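Participant: Just so we're aligned, residue 22 is where the sequence shown starts under the working numbering, counting upward by one.
For every residue, glycine included, the Cβ atom is placed at its ideal position computed from N, Cα and C.
All figures in this text were calculated on a predicted structure; none of them were measured in a lab.
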Amino acid sequence: MHENCHVCASEGFEALTRIRISTATDSIVASLNVISSNLLLTDEIGLSDAAAKKLNVSPNETLYVSHLEPIKSLSHVRAKIYNQKLDYLAYNEIITDIVQGNYSNIDLTAFITACAGNRMDLDEITYLTKAMIASGMQLHWNKEIVVDKHCIGGLPGNRTTPLVVAIVTAFGLTMPKTSSRAITSPAGTADTMEVFTNVTLSPEKIKEVVHKEGGCIVWGGTAQLSPADDLLIKIEKALDIDSEGQLIASVLSKKAAAGSTHVVIDIPVGETAKMRSTKMAQTKSIWVV
22 MHENCHVCAS EGFEALTRIR ISTATDSIVA SLNVISSNLL LTDEIGLSDA AAKKLNVSPN
82 ETLYVSHLEP IKSLSHVRAK IYNQKLDYLA YNEIITDIVQ GNYSNIDLTA FITACAGNRM
142 DLDEITYLTK AMIASGMQLH WNKEIVVDKH CIGGLPGNRT TPLVVAIVTA FGLTMPKTSS
202 RAITSPAGTA DTMEVFTNVT LSPEKIKEVV HKEGGCIVWG GTAQLSPADD LLIKIEKALD
262 IDSEGQLIAS VLSKKAAAGS THVVIDIPVG ETAKMRSTKM AQTKSIWVV
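(1) Report, in whole angstroms, the separation of the C-beta atoms of Cys172 and Pro289, which I expect to be a contact under 8 Å.
(2) State the start and end residues of the unbroken beta strand (DSSP E) segment that holds Cys26.
(3) Answer with yes or no whether the minimum CB distance from Glu145 to chain C is below 7 Å.
(4) State yes or no: is the C-beta of Arg39 within less than 7 Å of the C-beta of Leu89?
(5) For the 8 Å Cβ check, are there 3 or more pairs between the region 177-184 and the region 269-277?
(6) For Asn77, which residues from the same chain have a beta carbon less than 6 Å from its beta carbon, with the 5 sequence-adjacent residues on both sides left out?
(7) Please go through the same chain and pick out, in chain order, the residues whose beta-carbon is closer than 8 Å to the beta-carbon of Ser200, but skip the five residues on each side of it.
(8) Three-state secondary structure (DSSP) at Arg297?
(9) Let's see if you can read the secondary structure: which residues bound the beta strand (DSSP E) around Ile42?
(10) So is Gly157 buried or exposed if we call it buried at 16+ other beta carbons inside 10 Å?
(11) Let's test the definition: count the other Cβ atoms within 10 Å of the Cβ of Thr63 and tell me whether it reaches 16, buried, or not, exposed.
(12) I'd like the span of the beta strand (DSSP E) that includes His283, first residue to last.
(13) Closest to Lys276 by CA distance: which of Thr46, Ile154, Ala45 is it?
(14) Return the first residue and the last residue of the alpha helix (DSSP H) that Gly236 is part of.
(15) Taking only the alpha-carbon atoms, compute the straight-line gap between Ile133 and Val186 and give it to the nearest angstrom.
(16) Asp128 and Ser94 - do their beta-carbons sit closer together than 7 Å?
(17) Counting only the same chain and skipping the five closest in sequence on each side, list residues whose C-beta sits under 6 Å from that of Ile102.
(18) Would you call His27 buried or exposed, if buried means 16 or more other Cβ atoms sit within 10 Å of its Cβ?
(19) So for Lys198, helix, strand or coil by DSSP?
(20) Tell me the DSSP secondary structure of Lys255 in three-state form.
(21) Here's a check: name, in chain order, each residue in its chain whose Cβ is nearer than 6 Å to the Cβ of Ser57, leaving out the five neighbours to either side.
(22) Which runs of the beta strand (DSSP E), 3 residues or longer, sit entirely within the region 47-85?
(23) Note down the Cα distance separating Ser206 from Ala302, rounded to an integer number of angstroms.
(24) Roughly how many whole angstroms lie between the Cα atoms of Lys255 and Asn123?
(25) Which residues share a DSSP beta bridge with Ser87?
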């Protein structure tokens, strides 16, 4: 919006104010950018491509702008900052607001850092995992055994997944492998596989590929499986943080949402790995189980 816009003046909008933009049928939450150039008139508002797509608006359409109502779940984030234990309802409210786009990057950063440094116990990791599963779609395969594997990563060039998926599916097991993009390394499994093929598949396409080939390797973000995970990963990558509790919740929520019944977790150990000692890896492996 333009700095001389009468709405900015009357509502007290400033740069980066979190606002709600509404049409007659839909609304989104966005961060406001204020300009002083003649790119916009004082009675105009410009939208990013992503915002325009979500609202499905056309040029010259009337939009309604208001302050974002207080986000109640941020009280839980503040409680976690002071190292208070949260219950399932608290984590579910946080994850719901994240998926709905109510959290700014600053809010997401606060949540991620509040949970880092072994500040989540096993109960909280379980609550967060369940909340992340419930936040998106879930795939069902009508099979007794559906397998998957995950490496917690952190080692550049450690690309075992394509080999494992090919071998496992060749032996007749169903393996809908969902992978993430890079967090703390230059490229994740999804980034690497994208060099060879498309990894951005819809849930319907995933089912089609798995029914035909027995397995797949796809980026979990597009499938809307545990969508909060991908929003958190973007911030974790910028911070170069991948805390143990959120790492476990991230892995297990994606696998459960993809319909897996049995999962092998690969935990590299070493001076440059996320797990620096065997003792640390053994502790986390117990939590995963």
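Facilitator: Here's the rundown:
(1) Here residue 172 refers to the residue found at position 151 when the sequence shown is read from its first residue. Here residue 289 refers to the residue found at position 268 when the sequence shown is read from its first residue. That belief holds up - the Cβ atoms of Cys172 and Pro289 are roughly 7 Å apart, short of 8 Å.
(2) What you label residue 26 is simply residue 5 of the sequence shown in a count that begins at 1. First-last for Cys26: undefined, no H or E at that position.
(3) Although the question refers to chain C, the structure presented lacks it and comprises just one protein chain.
(4) Taking the sequence shown and counting its residues from 1, the one referred to as residue 39 is at position 18. Taking the sequence shown and counting its residues from 1, the one referred to as residue 89 is at position 68. Cβ atoms of Arg39 and Leu89: closer than 7 Å.
(5) Touching, no.
(6) One-based indexing of the sequence shown puts residue 77 at position 56. Apart from sequence neighbours up to five positions away, no residue of its chain approaches Asn77 with a beta-carbon distance below 6 Å.
(7) Translated into positions along the sequence shown, residue 200 becomes position 179. Around Ser200: Thr182, Gly209, Thr210, Ala211, Met214, Val220, Ile238, Val239, Trp240, Gly241.
(8) Reading the sequence shown from its first residue, position 276 is the one you call residue 297. It is coil, neither helix nor strand.
(9) If you number the sequence shown from 1, residue 42 lands on position 21. For Ile42, the enclosing beta strand (DSSP E) covers residues 39-43.
(10) In the sequence shown, counting from the first residue as 1, residue 157 sits at position 136. Under this definition Gly157 is a buried residue.
(11) Taking the sequence shown and counting its residues from 1, the one referred to as residue 63 is at position 42. Result: exposed.
(12) Within the sequence shown, the letter at position 262 stands for residue 283. Where His283 is concerned, the enclosing beta strand (DSSP E) stretches over 283-287.
(13) Looking up residue 276 in the sequence shown gives position 255. With distances taken between Cα atoms, Lys276 lies closest to Ile154.
(14) As a first step, residue 236 must be located in the sequence shown, where it is residue number 215. Segment 236-240 is the beta strand (DSSP E) holding Gly236; no alpha helix (DSSP H) there.
(15) Mapped onto the sequence shown, residue 133 falls at position 112. Mapped onto the sequence shown, residue 186 falls at position 165. For Ile133 and Val186, the distance between alpha carbons rounds to 31 Å.
(16) As a first step, residue 94 is located in the sequence shown; it is residue number 73 there, counting from the start. As a first step, residue 128 is located in the sequence shown; it is residue number 107 there, counting from the start. No. Outside cutoff.
(17) Here residue 102 refers to the residue found at position 81 when the sequence shown is read from its first residue. Excluding sequence neighbours, Ile102 sits near Ala135.
(18) For the purposes of this step, residue 27 is identified with residue 6 of the sequence shown, where counting begins at 1. It counts as exposed.
(19) Residue mapping note: residue 198 aligns to position 177 of the sequence shown, counting from 1. Three-state DSSP puts Lys198 in a strand.
(20) As a position in the sequence shown, residue 255 is number 234, starting the count at 1. In the three-state scheme derived from DSSP, where H, G and I count as helix and E and B as strand, Lys255 is classed as helix.
(21) Within the sequence shown, residue 57 is the residue found at index 36, counting from 1. Cβ within range, chain order: Glu24.
(22) Runs found: 48-52.
(23) For the purposes of this step, residue 206 is taken as residue 185 along the sequence shown, with counting starting at 1. For the purposes of this step, residue 302 is taken as residue 281 along the sequence shown, with counting starting at 1. Approximately 19 Å, taken between the alpha carbons.
(24) In the sequence shown, the residue the question calls residue 255 occupies position 234. In the sequence shown, the residue the question calls residue 123 occupies position 102. In this structure, the straight-line span from the alpha carbon of Lys255 to that of Asn123 is close to 16 Å.
(25) Position 66 of the sequence shown, counting from 1, holds the residue named residue 87. Ser87 pairs with Arg41.
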